[in-house]
Amino acid sequence: MRPASVSLDLDNLWAYLKTHGNPDWESRPSFLATAVPRLLDVFGEHRLTTTVFVVGADAERDDGAQAVRDIVAAGHEVANHSWGHEPWLHRYSRPELEAELVRAEDAITAAGAPRPVGFRGPGYSVTPALLEILAARGYRYDASTLPTWIGPLARAYHNRTARDRAEGASDLFGGFGKVLAPNTPFRWHGTGLVELPVTTMPLLRVPIHGAYLLQLHQISPRLARGYFRAALRLCLLTGTAPSLLLHPTDVLSGAEAPGMEFFPGMAVPGAEKAALLGWVLSSLRENFDVAGAGAHVDRLSELLRERRTELCG
Ligand SMILES: [Zn+2]
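Each residue of the sequence shown is one higher than the one before, starting from 1 at the first, in full-length UniProt numbering.
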């Protein structure tokens, strides 16, 4: 069977509130103690090994460090999702960017995980400086890109609903140019780093992960399943090795994420979400040989071609 991967961005409640411009984020509210055991249960049920992209600021706190230990004990890869989950990370100077990465690495290893070899930025964007720092620090892959045209729509949504328009919001979620970005893994020219894009629907380039599926599920569970089935079929037809992205909100109800009423899919009860996620993962497994992101990159490494595509945020 063809390879595929599943990865989880362990975005915490405070990180969502921060991106949304809600000042309550500063008290760092957390839902990790609820989300992580539930997600690990679903992965265990489906005998899946995944990659979890952990935010350094969370790995420094008790519940985040516990989450890292539990994730490692369950056999999953822990990768770097930046320290502060700053949506405008691509605007950082080179020294600031490196400090951000190093602090997250230190927090993750102090919590008990091996030194990460994979990175995903919080804003779906990469810069040449980021790729160079990652390569120099021994990373093997980046997984930050999301090749879709829907970014500008997500940005319009954000600007409409954010309580205060944080400076730089217009940079969020990338631009129209990303529709031309590759939807399959490739090796960056120069650094040799492997890029593992978050897979979007082949040909149509619309996202197929969590919040999008849940929005359809709220209209009709059959519609959501049909949409995901179509995505898998198109992946098979186009030879796309899917890299599926998950979030804690894929298993949490609105009551378990106070302040996130604005977020799509939060009206769906947690148990119903976990059931949908279980169905998604088993459908993926029926068609592909599913592993974590690092293992996916290992399996693909020899087949990858270089691309010169520039994807500056
Ligand atoms: Zn994130």
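Glycine is no exception: its CB is placed at the ideal position from the N, C-alpha and C atoms.
Coil, strand or helix - residue i by DSSP
i, result
"V179", "Unreliable positioning characterises V179 in this predicted model, as indicated by a pLDDT of 46, which lies under 50. The coordinate reading is nonetheless provided below. It is helical."
"P3", "strand"
"W188", "strand"
"D63", "helix"
"D142", "strand"
"G118", "strand"
"L252", "coil"
"L203", "coil"
Within 8 Å, strictly: CB atoms of residue i and residue j
i, j, result
"L89", "P116", "no"
"R229", "S283", "yes"
"D106", "V126", "no"
"G259", "T249", "no"
"V6", "L48", "yes"
"A129", "L97", "yes"
Status (buried if at least 16 other CB within 10 Å, exposed otherwise) for residue i
i, result
"R233", "exposed"
"P197", "buried"
"M1", "exposed"
"E167", "With a pLDDT of 41 at E167, under the threshold of 50, the predicted position of this residue should be treated as unreliable, though the coordinate-derived value follows. With fewer than 16 Cβ atoms within 10 Å of its Cβ, E167 is classed as exposed."
"R140", "buried"
"R187", "buried"
"G192", "exposed"
"R94", "exposed"
N- and C-terminal bounds of the alpha helix (DSSP H) containing residue i
i, result
"residue 316", "There is no way to answer for residue 316, as the model of the chain reaches only from 1 to 313."
"V78", "Taken as a continuous stretch (DSSP letters only), V78 belongs to no alpha helix (DSSP H), being part of the beta strand (DSSP E) at E77 to N80."
Near ligand 1: residue i beta-carbon under 7 Å from a heavy atom
i, result
"P3", "no"
"P95", "no"
"H46", "no"
"H209", "no"
"H76", "no"
"A231", "no"
"H81", "yes"
"P128", "no"
"H90", "no"
"P122", "yes"
"residue 325", "Residue 325 is absent from the model: the chain starts at 1 and stops at 313."
"D289", "no"
Run of the beta strand (DSSP E) containing residue i, from where it starts to where it stops
i, result
"F53", "T51 to V54"
is_contact[residue i, chain B] using C-beta, thresh 8 Å
i, result
"P147", "Here chain B cannot be found, since the structure has a single protein chain."
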